[in-house]
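Numbering (the working numbering), first residue to last: 3 to 382. Glycine is no exception: its CB is placed at the ideal position from the N, C-alpha and C atoms. Below is one structure, written out as structure tokens; comments come after it.
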């Protein structure tokens, strides 16, 4: 078995016509992207890698005029299969560049729906092709210029074997009878893809168990204020927000209510540098919020008036049925109904086959297999 050996570095806009010409006959293209999100406050798209059975192109998107937008006709052509592996973040960076992808086949999503125990790209390449991918550079800074040779080899290998792996996984989906469900999930990923959310738009995800109503309110506002502060600190140091103060540390600070530097420093994920440089500021936020909530000055309003009281019960019924249906069909539960479909059906409760058919990403196969049962469950 042969793999593409020619690797073309695309660092000038004058080379883009060559790339377009080389890709135009291809009906399958392997795609990956690299960014510097592990090293800088505002992450940048650094490379878009494209692979066919003959060539590999490394587009240096930090160079003026070298943009994936120049390949828009290929990206938007649904007849060209785009093999990605774990495309979620990649699609966001491409969306920021003004590129919408059609024809996605995500090998990670497909292998997950197949229920395979190992779904990493390195695992799939090793199992199918006997090749070993070096993964020690996953967290490297891809904004380095000139790019070190080992990083160039690493980003080329991420698409070198992906077409072969993609065809293999796609065939396995067909043999297992789950290809339609995989393609619907891939279509949803493309349609939902948007530019990365603004870091300032932050809604804390906090556990409710073990917290009283007032404690949850305290935790909510502490997390919001500390997030605003960590954005300031991260921007000043030009570091990713999570490296300054991780979400785990934010959760600990918000729900443990430390009142001195000693207890602050014992919390999981809270780095010593943060305690030294910002400990008093953090304690001030916690103290102020606790006092404001305790006095009734600060309240967390939740709109419960529009909630459907039957939605939770519908969701429970769907999840219980999904589990049994998956066992009977010998597939993963998400093949029967994805989590997004469970949420959609529990919310809208379609009452007829026509309404069920209109549910986005439901598909004809699910309608034929499960339509009557689901309508019965939802109307119960």
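Quick one: what does DSSP say residue i is sitting in, helix, strand or coil?
i: residue 10; result: strand
i: residue 40; result: coil
i: residue 35; result: strand
i: residue 108; result: strand
i: residue 1; result: This structure cannot settle anything about residue 1, because the visible part of the chain is limited to 3 through 382.
i: residue 50; result: strand
i: residue 86; result: strand
i: residue 2; result: With the chain covering 3 to 382 only, the question about residue 2 has no answer from this structure.
i: residue 30; result: strand
i: residue 269; result: coil
i: residue 210; result: coil
i: residue 360; result: coil
i: residue 261; result: coil
Within 10 angstroms of its Cβ, does residue i collect 16 or more other Cβ (buried), or is it exposed?
i: residue 113; result: buried
i: residue 315; result: exposed
i: residue 274; result: exposed
i: residue 75; result: exposed
Determine, using beta carbons only, whether residue i and residue j come nearer to each other than 8 Å.
i: residue 89; j: residue 106; result: yes
i: residue 231; j: residue 261; result: no
i: residue 73; j: residue 158; result: no
i: residue 334; j: residue 328; result: yes
i: residue 255; j: residue 228; result: yes
i: residue 31; j: residue 52; result: yes
i: residue 127; j: residue 163; result: yes
i: residue 13; j: residue 62; result: yes
Tell me which same chain residues have a C-beta within less than 6 Å of the C-beta of residue i, skipping the five on either side of it?
i: residue 198; result: 94
i: residue 100; result: 71
i: residue 220; result: 291, 292 and 295
i: residue 11; result: 60
i: residue 257; result: 221
i: residue 237; result: 43
Is the Cβ of residue i closer than 8 Å to any Cβ of chain B?
i: residue 135; result: The chain labelled as chain B is not found in the depicted structure, where only one protein chain is given.
Apart from the five residues on each side of it in sequence, which residues of its chain come closer than 8 Å, Cβ to Cβ, to residue i?
i: residue 29; result: 81, 82 and 83
i: residue 361; result: 343, 346, 347, 350 and 352
i: residue 161; result: 32, 33, 34, 51, 52, 53 and 58
i: residue 242; result: 39, 40, 41, 42, 43, 45 and 236
Going by CA-CA distance only, name the one from the options that's closest to residue i.
i: residue 168; options: 151, 211 and 123; result: 123
i: residue 271; options: 288, 277 and 251; result: 251
i: residue 376; options: 330, 319, 332 and 366; result: 319
i: residue 4; options: 102, 165 and 33; result: 165
i: residue 97; options: 138, 202, 249 and 192; result: 192
i: residue 321; options: 341, 240, 311 and 312; result: 341
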